[in-house]
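Structure first, then comments.
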Amino acid sequence: MARPTAAENRFFWELVVAFTVVVCAAVFQTFHFFNNSWLTQSDGSIEYQRGLGDDCVKSEGFDDEGIRCSEWGAPSTFILNGRGISPQDVVDPSAGCSHYEKMDCMRELEQ
């Protein structure tokens with residue numbers, strides 16, 4: 001039996017690559033969703049969201065929907081309004097982020 005050529009296997013490899021890209025995108029999107037944490041302003045009235053996505057502010061004082069996000073290239077709403085947040089106000093990182101921090105520490109110890 002003759003071995004199939006690369007041209008005959010092209011469709012198979014296109015499917016493998018497409019499936020791999022879709023799986024990677026799903027993993028990254030899931031990490032992006034769980035990595036966004038809310039930081040609470042010390043007076044409890046304003047919350048700031050920091051993560052891999054846009055920076056957002058949530059407040060009952062806003063007329064429209066209560067959440068505003070800064071756009072790419074604009075000054076970060078977190079930097080403009082983030083004063084007064086203490087380390088106690090920071091939400092613990094997600095499991096994926098804390099796992100990454102542990103792996104990063106292990107790499108530092110190996111060097």
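Quick note on numbering: our numbering labels position 50 of the sequence shown as 50, and the sequence is numbered without any gaps. We treat Cβ as the ideally placed atom computed from N, Cα and C, and that holds for glycine.
Bounds of any beta strand (DSSP E) do not take in S45, whose DSSP letter is neither H nor E. For S59, the enclosing beta strand (DSSP E) stretches over residues 56-59.
By the C-beta density criterion, E8 is exposed, having fewer than 16 other C-beta atoms within 10 angstroms.
If you draw a straight line from the Cα of A18 to the Cα of E71, it is about 30 Å long.
The beta carbon of I67 is closer than 6 Å to those of C56, K58 in its chain, skipping five residues each way along the sequence.
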